[in-house]
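Trainee:
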Amino acid sequence: MNYENLISSRIQQVQPSGIRKFFDILEEMKDAISLGIGEPDFVTPWHIRDAGIYSLEKGFTKYTSNAGMAELRREIAAYLNRRFDLQYDFAHEIIVTVGGSEAIDLALRCLLNPGDEVIVPVPSFVCYGPLALMAGGTPVYVETKAENEFRLTPEELRAAITPKTKVLVLPFPNNPTGGIMERKDLEAIAEVLEGTDIMVISDEIYAELTYGQHHVSPANLPQLKERTIVVNGFSKSHAMTGWRMGYVCGPAPIVTQMLKLHQFGIMSAPTTSQYAAIEAMRNGDHDIEKMRDEYDGRRRYLVEGLRRIGLPCFEPKGAFYVFPDIRPTGLSSEEFCERFLMEEKVAVIAGNAFGPGGEGFVRCCYATSMKDIAEALTRMDNFLNNLRKKQAREQGN
């Protein structure tokens, strides 16, 4: 059979993620260090794990409500109000999803008609464009600039809007850059969107990992709330990646339609994970702050170390990534990553894996031990020194 003719043309447009390109090689290396994968190095706090265990011991293994347990949705609403001053009706404006990625998928499939355009600032996480394509939309990538700390500016947004624009994705705090959008930035975006019917999907999975200031959601702005769908989850804030727990909040008329997709595609999020998530919402604030403080120390140490060895980078204010500029080396992002891995056994991610705006940069994740960060910096310094010597010899010839 000719399977190529059977496979959806939409899925054939989607390329595999470039993030995991070198991980198979890394796994075969002895004494290798990864600053690559974007996952907390912390284990889910015990009291959260224990809540999941207890639910299993009690036999709570049935389906829940499609939207998620009412008790959990109440706790999510209370948490959002407590931590971010966001108000949502648990009964009509919140769905518990299988991770934040499902929430993004639901939002795009609910909003897009064929040919609708989705503005995606890049560099950014790899899922937005492919999910837009599979929903029948057209991703429009807008390159943000290092000199603006990779914020989306109103000028960049205005230039990207066309009569076909339906959705703006705001992925902040940002993966891979660590950039954030402050209130003044969001107010400028709101001015551009005024008078349009463009919806905002705000991916706030790293909201709790904001340093030196409080995270501001587009939904905190009255002029944006009615057009904003907030995506969040437990993976980064509570070190619960494997539990696959996310949620989406937004205007009831849209959330109601998203629930139909969720009903047919998923039924309900895992029951055990929902019980663990209730405990995380009720008693997890201290865990969030403890982990954030640890990340903050690593962030400052890594930025200082990268600058010391000659790689320029701005100080990220969110997530757990640093995005150094490797253009002074004369290597492309992929060349840098491949050579660094093969010569020094350290994995970082090529910036162009996150969109065209990432070329000339690499993503370094500090969700790992301080010991590994220090050793990775030592190896990077050695790599850069050897590279400079080799380039000097070549120029001499």
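Under UniProt numbering, the first residue of the sequence shown is numbered 1, with each subsequent residue one higher. The beta-carbon is built from N, C-alpha and C at its ideal position, and this holds for glycine as well.
Tell me whether residue 485 is buried or exposed, calling it buried when 16 or more other Cβ atoms sit within 10 Å of its Cβ.
Mentor: Only positions 1 to 397 of the chain appear in the structure, and residue 485 is not among them; the question remains open.
Trainee: Specify, as a first and last residue, the run of the alpha helix (DSSP H) that residue 222 falls within.
Mentor: 222-225
Trainee: I need the DSSP call for residue 149, collapsed to helix, strand or coil.
Mentor: coil
Trainee: Which stretch, first to last residue, makes up the alpha helix (DSSP H) that contains residue 118?
Mentor: Premise fails: residue 118 lies in the beta strand (DSSP E), 117-122, not in any alpha helix (DSSP H).
Trainee: Take residue 165 and list the residues in its own chain whose beta-carbon comes closer than 7 Å to its own, dropping the five residues that flank it on each side.
Mentor: 117, 119, 198
Trainee: For residue 205, which of helix, strand or coil comes out of DSSP?
Mentor: coil
Trainee: Select from 324, 172, 176 the residue whose C-alpha is nearest the C-alpha of residue 182.
Mentor: Ranking the options by Cα distance to residue 182, first place goes to 172.
Trainee: In the DSSP assignment, find the alpha helix (DSSP H) that holds residue 261 and state where it starts and stops.
Mentor: 252-265
Trainee: Would you check if there are 3 or more beta carbon pairs closer than 8 Å linking the region 215-223 to the region 70-89?
Mentor: yes
Trainee: Cβ of residue 351 within 8 Å of Cβ of residue 323?
Mentor: yes
Trainee: Would you mind sorting residue 255 into buried or exposed? The rule is 16 or more other CB atoms within 10 Å of its CB.
Mentor: buried
Trainee: Taking all protein chains shown into account, do 16 or more other C-beta atoms lie within 10 angstroms of the C-beta of residue 321, making it buried, or fewer, making it exposed?
Mentor: With 16 or more neighbouring CB atoms inside 10 Å of its own CB, residue 321 falls in the buried class.
Trainee: What is the DSSP secondary structure of residue 325, counted as helix, strand or coil?
Mentor: strand
Trainee: Tell me whether residue 286 is buried or exposed, calling it buried when 16 or more other Cβ atoms sit within 10 Å of its Cβ.
Mentor: exposed
Trainee: Using the rule of at least 16 other Cβ atoms within 10 Å of the residue's Cβ for burial, across every protein chain shown, is residue 105 buried or exposed?
Mentor: buried
Trainee: By alpha-carbon positions, which one of 76, 112, 107, 160 ends up nearest to residue 122?
Mentor: 160
Trainee: Going by the beta-carbon positions, is the gap between residue 42 and residue 239 smaller than 8 Å?
Mentor: Yes. Within cutoff.
Trainee: Around the C-beta of residue 158, are 16 or more other C-beta atoms found within 10 angstroms, so that it is buried, or is it exposed?
Mentor: exposed
Trainee: What residue range does the alpha helix (DSSP H) around residue 244 cover?
Mentor: Note, residue 244: premise wrong, no alpha helix (DSSP H); not H, not E.
Trainee: Classify residue 230 as helix, strand or coil using the three-state DSSP reduction.
Mentor: strand
Trainee: Might you give, ordered along the chain, the residues of its own chain that have their beta carbon closer than 8 Å to the beta carbon of residue 70, omitting 5 neighbours on each side?
Mentor: So the qualifying residues of the chain are 90, 91.
Trainee: Using the Cα positions of residue 6 and residue 134, report the straight-line distance between them to the nearest angstrom.
Mentor: 16 Å
Trainee: Is residue 141 helix, strand or coil by DSSP?
Mentor: In this structure, residue 141 counts as strand in the three-state DSSP scheme.
Trainee: For residue 450, which of helix, strand or coil comes out of DSSP?
Mentor: Here the chain covers residues 1 to 397 and nothing more, so residue 450 does not appear.
Trainee: Leaving out five residues before and five after residue 377 in sequence, what residues of the same chain have Cβ atoms less than 6 Å from its Cβ?
Mentor: In its chain, beyond the 5 residues on either side, 305 have a beta carbon closer than 6 Å to the beta carbon of residue 377.
Trainee: Going residue by residue through the region 324-381, where are the continuous beta strand (DSSP E) segments of at least 3 residues, counting only ones entirely within it?
Mentor: 362-365
Trainee: Could you give the DSSP three-state label for residue 168: helix, strand or coil?
Mentor: strand
Trainee: Grab me the residues of residue 372's own chain with a C-beta within less than 6 Å of its C-beta, minus the 5 sequence neighbours each way, in chain order.
Mentor: So the list reads 33, once near-sequence residues are dropped.
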